[in-house]
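See structure below.
Residue numbers (our numbering): 300 to 436.
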């Protein structure tokens, strides 16, 4: 099947399919006209790649599990400890990001409370967003 059909059947853009191929996650052959041609197994493989990415792995994590992508269930690959290590490493990264985002959220909520309190203290006055001169961004 050609790349357009694979994209349609998997819901993954043609650009993403080329990207997966560029990074060694997907293989194609070339037709006599030079166009990419994928076999039927590419549908399942792309679905597993999309699932892993959707579950929070990045491309490097998916690459580590490349041998598992041929199987119907990437959680049951030949070396489950590889998947476990990869998942745990990604969870650590996500946990750090979540903590950082919570900190940003808390600071923003504090600014909202301060601005809201300022609006109530002086009738008709809108306080500056950052106090004395500053920028948002």
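C-beta atoms are modelled at their ideal positions from N, C-alpha and C, and glycine is treated no differently.
Quick caveat: nothing in here was measured; it's all calculated off a predicted structure.
Three CB pairs or more closer than 8 Å across the stretch 310-323 and the stretch 333-348:
The stretch 310-323 vs the stretch 333-348: in contact.
Considering only their Cβ atoms, is the gap separating residue 301 from residue 337 smaller than 9 Å?
Yes.
Quick one: Cα of residue 398 to Cα of residue 405, how far?
Answer to the nearest angstrom: the Cα atoms are 11 Å apart.
Who are the Cβ neighbours of residue 442 in its own chain at under 7 Å, not counting the five residues just before and after it?
With the chain covering 300 to 436 only, the question about residue 442 has no answer from this structure.
Helix, strand or coil for residue 311? Go by DSSP, reduced to three states.
Residue 311 falls in the coil class under three-state DSSP.
Measuring CA to CA, which of 383, 382, 349 and 394 is closest to residue 310?
Measuring from the Cα of residue 310, the nearest candidate turns out to be 349.
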